[in-house]
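So the protein lines, in turn, are chains A and B. Position one of the first sequence corresponds to residue 1 (our numbering), numbered consecutively onward. Position one of the second sequence corresponds to residue 548 (our numbering), numbered consecutively onward.
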Amino acid sequence: MRKIKQLLENFNTLYIEEYKTTWVKTKLSTADDLLMVAKALKEHGLRTIATVSPTDFLEENVIEMNYFFEDLMTNRNCWLKCDVPRELDECEIESLTPLFKGANWHEREAYSMFGVRFLNHPDLRPIIVSQDFYDKTPFRKDFDWDAHDKNTVKNMQKIVDSFKAEEAEADKGIDAESSETVLNWGPTHPASGPIRLKVHCDGEDVIGIDPDIGFVWRALEHLVTKKDFVGAIVAVERLCFMDNVNSMTAYAQAVEEIANVEITEFAKWMRVLLGEVSRISSHAMGMGGFYNALGLHTVAMWNMDVREFFLDFLESYSGARIATAAVEPGGVRYGLQQNMLDELQLALDKFDATKDSVKDIFINNPTMKMRASKQGFISNLDVQDYSLCGVVARASGVKIDVRIDEPYAAYAEIKMDYVTQKDGSAKDRLINLFEELEQSVDIIKQAKRHIEEKIASGEFDPTKDQMVKVPKKLPRGEAISRVEWSRGEVLMHLVTEEKGTSPYRLKMKAPSFNHTMMLDKLLAGQTLSDIPLVFGSLYICQGDLDR
Amino acid sequence: MLKIYDFFAHAKSESLWMAHFCTGCCSLEMAAAMGPRYDWERYGYLPTPTPRQADLLIITGLVSKKMLPALLRTYAQMPEPKYVLALGACSFDGGPYNDSLSVIKNPTEILPADIFVAGCPPRPEAIIAGLEEIKKKMKAGIPSAASQGGLWKEMEF
């Protein structure tokens, strides 16, 4: 930390300060220094860029760029800011993609949403947004959504025309001499979900993959700015329905930090409990997704059977199986009753009863091992360069887990260790997924025991302790909050205005975005039949890919 | 006297295959309906990977602008008679994404649905109940809503 500060002192900065336990926060006086600072940080070991997040300040007439540099090995991070002018002609900044490969899509996203042009970016095309938003700036504060909405039919036509033009272009390569073409994998492929991979292939061989994403783009980051601080959890939890509790936790923590509110111990433990239940329900589907892509649906069925019991707990707690809206700024929404814990116990018993057979049949499965252990290798260095996280990173042997690195909620008091594998193949990711399931069950047992003891001793009052009041209007401020989501690290960057009643800007960095970036690297040179396997093993959810 | 057409309508309705196509988050509850606890195969429903064999298209929640052409293409590829089931609040009026302009707020004005299932997301039981309603409609020989009208007929996709 001290070294990072010393290093930053060589440059023109407005301030350098420590933030939380693992961050150094700074703002450059001029954006011209960015490349040099980034180079110095990289040489110093901060090889990863988590995300690039522009904030549009209409009154100051600037766009503030936020870069989040991370060092996954020693857990030191740097939050770097700089201003760029707001005028569209001058709104440009040096691209960091040549230095940090993982910044590629994040810069493209900033370009599509805010119109920030990145100089020397290798491939600056719009991403996520549909064709009617090309050359527009939908996330800027002065963008007129209503005027845009009036031309829906014309806008739709643009999307259709561009698709047809692409199709016509793709077939040009096919003739007597060549079979080079572009295949669409998705969005109607049973294993793909709403994503379209443009597979450039020659016969059976894959030349490269260009993912076309944005099929479930709901502009969540913009949607939250139209809601109040509590109402925004509706949008935040829809980041991905498979694991919605942890994303709400991330958002709630950011709001609490700005409001300067400390939540109760009981609420912290409940966040752990609910979060892990949610993680299990996601991992169970993830394992099913892996095998579904291989063509075997039994695992999904078995896992879904177990998952239903965990959903029963969420239902008894919140009234909804999936859209729980259970965590909000100030704590958790509901109290706890004994019958809910009984439901949870049933789920834990069910898991324990089935886990051995799942392990014997599907995790130690020789056919799966033969097929998957030679595919989709991700090295330790790739994880750092492309900013991968969660199961994908840990399967490559990188020890990162926000629950341990920067403990939030009550994770500091939980006994847990990194679950890692060595090779980083598709097989390792599946095995890691299963071992994390076991870990989550272990955490739930610890949290459940702790809560029960504290209720028995009278320290927790489960009918009153769940919520602390958070003011409806927040002061001007900003915060970042990280949680270990089921798919990896979620980083939320929240900006509020003075006396603001709704978020001014919320940036959600979600892991699938980076993982999808890897597809081209992993699959170039392989065959078409490997696409479902590698795609399934990366544990991608389109919800958090598009947001 | 039993009419031969009634027999076909009955047979069709009892093995309803749906195009395996998901547009949004309700597909997660649809997966749960396929799962062991709710097991919709008991009623003769089956997801099929190709729209060419499907009798039913399910709009699973939100339809984004980018997704709409794909949805309509899938529908156009299905053989007659074909029915549409709309899941969730999003397919009715945009639901929680009503304020978001990247989401189509009236997908069922474009592609009219025969049955709506309410909820965000609807429970698996509700999805199965909605499918049962479609069965009734097929047995009674009522033509599907999308064949009767909808903006999709005027659109190019």
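Glycine included, every Cβ here is placed at the ideal spot set by N, Cα and C.
Residue i versus residue j: straight-line alpha-carbon distance, rounded
i, j, result
"Phe310(A)", "Ala578(B)", "16 Å"
"Ile400(A)", "Pro669(B)", "36 Å"
"Val245(A)", "Glu315(A)", "13 Å"
"Val116(A)", "Leu494(A)", "20 Å"
"Gly500(A)", "Leu28(A)", "27 Å"
"Trp587(B)", "Phe241(A)", "22 Å"
"Gly289(A)", "Asp305(A)", "14 Å"
"Leu346(A)", "Asp428(A)", "30 Å"
"Lys355(A)", "Trp302(A)", "10 Å"
"Thr324(A)", "His283(A)", "18 Å"
"Phe57(A)", "Lys198(A)", "37 Å"
"Met270(A)", "Val332(A)", "7 Å"
"His515(A)", "Ala687(B)", "49 Å"
Within-8 Å CB hit, residue i to chain B
i, result
"Trp145(A)", "yes"
"His148(A)", "yes"
"Ile451(A)", "no"
"Ala323(A)", "yes"
"Met1(A)", "no"
"Asp442(A)", "no"
"Pro532(A)", "no"
"Thr188(A)", "yes"
"Gln157(A)", "yes"
"Pro503(A)", "no"
Min CB distance residue i to chain A below 8 Å
i, result
"Arg517(B)", "Chain B is shown from 548 up to 704; residue 517(B) falls before or after that span and cannot be answered."
"Phe568(B)", "yes"
"Val650(B)", "yes"
"Gly635(B)", "no"
"Glu656(B)", "no"
"Ala579(B)", "yes"
"Ser638(B)", "no"
"Pro616(B)", "yes"
"Tyr590(B)", "no"
"Arg670(B)", "yes"
"Pro628(B)", "no"
"Asp602(B)", "no"
Span of the beta strand (DSSP E) around residue i
i, result
"Gly208(A)", "Asp205 to Asp212"
"Leu348(A)", "No beta strand (DSSP E) contains Leu348(A), which is instead part of the alpha helix (DSSP H) from Gln338 to Val358."
"Leu80(A)", "Arg76 to Pro85"
"Lys25(A)", "Trp23 to Leu28"
"Tyr15(A)", "Thr13 to Tyr19"
"Gly193(A)", "First-last for Gly193(A): undefined, no H or E at that position."
"Val182(A)", "Glu180 to Trp185"
Span of the alpha helix (DSSP H) around residue i
i, result
"Leu437(A)", "Ala426 to Ser457"
"Val52(A)", "From DSSP, Val52(A) is part of no alpha helix (DSSP H) but of the beta strand (DSSP E) over Thr48 to Phe57."
"Cys637(B)", "Cys637 to Asp640"
"Thr516(A)", "Pro511 to Met517"
"Ser481(A)", "Ser481(A) -> not in any alpha helix (DSSP H); beta strand (DSSP E) instead, spanning Gly477 to Trp485."
"Arg117(A)", "Careful: Arg117(A) lies outside any alpha helix (DSSP H), inside the beta strand (DSSP E) at Arg117 to Leu119."
"Leu41(A)", "Leu34 to Glu43"
"Val391(A)", "Gly390 to Ala395"
"Pro616(B)", "Met614 to Gln624"
Outcome for residue i when other beta-carbon atoms lying within 10 angstroms are tallied against a minimum of 16
i, result
"Lys81(A)", "buried"
"Gly319(A)", "exposed"
"Val153(A)", "exposed"
"Asp553(B)", "exposed"
"Pro475(A)", "exposed"
"Asp243(A)", "buried"
"His567(B)", "buried"
"Lys700(B)", "exposed"
"Pro122(A)", "exposed"
"Glu561(B)", "exposed"
- Query: Taking Cβ-Cβ distances below 9 Å as the criterion, which residues of the segment 216-227 of chain A are in contact with chain C?
  - Reply: Absence of chain C from the displayed structure is noted, the protein chains being A and B.
- Decide if the segment 123-134 of chain A is in contact with the segment 103-110 of chain A; the criterion is three or more beta carbon pairs, one per stretch, under 8 Å apart. At 8 Å Cβ cutoff, the stretches touch.
- Message: Measuring CB atoms only, is the segment 223-236 of chain A touching the segment 451-469 of chain A, in the sense that at least three cross pairs come out at less than 8 Å?
- Response: The segment 223-236 of chain A, when compared against the segment 451-469 of chain A, does not touch it at the 8 Å Cβ threshold.
- Query: With contact counted as at least three CB pairs below 8 Å, one residue from each stretch, are the segment 388-407 of chain A and the segment 420-430 of chain A in contact?
  - Reply: Yes, since at least three Cβ pairs between the segment 388-407 of chain A and the segment 420-430 of chain A fall closer than 8 Å, the two stretches touch.
- Should the segment 65-85 of chain A be called in touch with the segment 520-528 of chain A, which here means at least 3 C-beta pairs below 8 Å? Counting Cβ pairs under 8 Å, fewer than three are found: no touch.
- Task: Specify whether the segment 132-141 of chain A and the segment 627-635 of chain B touch according to this definition: at least 3 beta carbon pairs, one from each stretch, less than 8 Å apart.
- Result: Not touching, per the Cβ criterion.
- Stretch pair the segment 605-617 of chain B + the segment 151-168 of chain A: three plus CB contacts closer than 8 Å: In short, these stretches touch, since the Cβ pair count reaches three.
- Task: Decide if the segment 183-190 of chain A is in contact with the segment 573-588 of chain B; the criterion is three or more beta carbon pairs, one per stretch, under 8 Å apart.
- Result: Taking a cut-off of 8 Å on C-beta distances, the segment 183-190 of chain A does not touch the segment 573-588 of chain B, as fewer than three cross pairs fall below it.
- Task: Inspect the CB distances between the segment 685-704 of chain B and the segment 641-661 of chain B and report whether three or more fall short of 8 Å.
- Result: The segment 641-661 of chain B and the segment 685-704 of chain B touch, with three or more beta-carbon pairs separated by less than 8 Å.
- Task: Could you say if the segment 214-222 of chain A and the segment 472-492 of chain A meet the contact criterion of at least three C-beta pairs nearer than 8 Å?
- Result: The count of Cβ pairs closer than 8 Å, one atom from the segment 214-222 of chain A and one from the segment 472-492 of chain A, stays below three, leaving the stretches out of contact.
- Would you be able to state if there are at least three C-beta pairs under 8 Å between the segment 530-538 of chain A and the segment 281-300 of chain A? Contact between the segment 281-300 of chain A and the segment 530-538 of chain A is present, with at least three C-beta pairs closer than 8 Å.
- Query: Would the segment 269-282 of chain A and the segment 438-451 of chain A be scored as touching if the rule is three or more Cβ pairs under 8 Å?
  - Reply: A contact exists between the segment 269-282 of chain A and the segment 438-451 of chain A.
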